[in-house]
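Colleague: Mind looking over this structure? Questions follow.
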Amino acid sequence: MWTRHRGVDMASGETVVECSCGFEAGFDRLRDAREALAAHEDAGHDADWHIEKVADGVELAGADAGVCGRPECTNEESPLYRDDV
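So the sequence shown is numbered by numbering that gives the first Met the number 0: it starts at 0 and just counts up by one.
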């Protein structure tokens, strides 16, 4: 995990939480990121998050399933592909 508070970087993570109070942290685990987000929202802060990177297998599975909605991302031969959504 990395934390940037008052502009000081300390490490890196795949999911980043940013808050109106100046808190910014990167997390390797989604659960940890959700907990940080919830803590800042519970404190009345305007917090948000974004995912910087997912594992290669997750990205491939999402592409095969057509979750992005773009035809060029879809692999109709994949067992993950769904044309009913």
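Here a beta-carbon is modelled for each residue, glycine too, at the ideal position from N, C-alpha and C. Computed from a predicted model, the values in this text were never measured in an experiment.
1. Measuring CB to CB, does THR46 end up less than 7 Å from GLU40?
2. Given this structure, state the Cα-to-Cα distance separating GLU13 from ALA62, to the nearest angstrom.
3. With 16 other CB atoms within 10 Å as the buried threshold, where does GLY25 fall?
4. State the Cα-Cα distance for the pair VAL16 and ASN74, rounded to the nearest angstrom.
5. Going straight from the alpha carbon of THR2 to that of GLU58, what length do you get?
6. Suppose the cutoff is 6 Å on Cβ atoms and the five residues either side in sequence are ignored; what does the same chain contact list for LEU36 look like?
7. Quick one: what's GLU17 bridged to in DSSP?
Modeller: So, to answer that:
1. Inspection of the sequence shows that residue 46 is occupied by Ala rather than by Thr. In contact: ALA46 and GLU40 (Cβ atoms closer than 7 Å).
2. 19 Å
3. buried
4. 32 Å
5. Below a pLDDT of 50, predicted positions are generally treated as unreliable, and THR2, at 45, falls in that range; the measurement from the model is reported next regardless. About 26 Å.
6. VAL16, ALA46 and TRP48
7. GLU23 and ASP47
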